[in-house]
Amino acid sequence: MTLAGVQAGLGCALMREPLIAPYLESGELVKIFDLPIDDGRDYYLCTRADSEMTEDGKLLQNWLRRAAGVEPLTA
């Protein structure tokens, strides 16, 4: 359901790489940033490759980066 929402352009999501690898390889989805979360699993914040991230999406991305102890993006 989350994957379908991202594919439909409804937003972005944290998803496990094995579930989205084919979509990353095909270019349908792109990783917004490559930041590992150390819980024994890998997660990626993804959005549609053919759309700009909204300002709210950028706020979420930077919030997640700060929460993970990574410097927020400036551009």
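If you read the sequence shown in the numbering used here, its first letter stands for residue 1, the second for the next number, and so on.
Every residue, glycine too, gets a C-beta built ideally from N, C-alpha and C.
No experiment lies behind these values; they were computed from the predicted model shown.
One or two residues paired with Arg-48 in a DSSP bridge | Residue 48 sits at position 48 when you count from the first residue of the sequence shown. For Arg-48, which the question treats as bridged, DSSP gives the partners Leu-29.
Tell me, to the nearest whole angstrom, how far the beta carbon of Leu-45 is from that of Ile-20; I am working on the premise that it is less than 8 Å.
-> For the purposes of this step, residue 45 is taken as residue 45 along the sequence shown, with counting starting at 1. For the purposes of this step, residue 20 is taken as residue 20 along the sequence shown, with counting starting at 1. In fact, because the Cβ distance is near 11 Å, the residues do not count as touching under 8 Å.
Label Val-70 either buried or exposed according to how many other C-beta atoms from any shown protein chain fall within 10 Å of its C-beta, with 16 as the threshold for buried.
-> Along the sequence shown, one-based indexing puts residue 70 at 70. Val-70 comes out exposed.
Throw me the rounded Cβ distance for the Glu-28 and Ala-49 pair, which I believe falls under 8 Å.
-> Numbered from its first residue, the sequence shown carries residue 28 at position 28. Numbered from its first residue, the sequence shown carries residue 49 at position 49. In this structure, Glu-28 and Ala-49 form a Cβ contact; the two beta carbons are roughly 6 Å apart against a cut-off of 8 Å.
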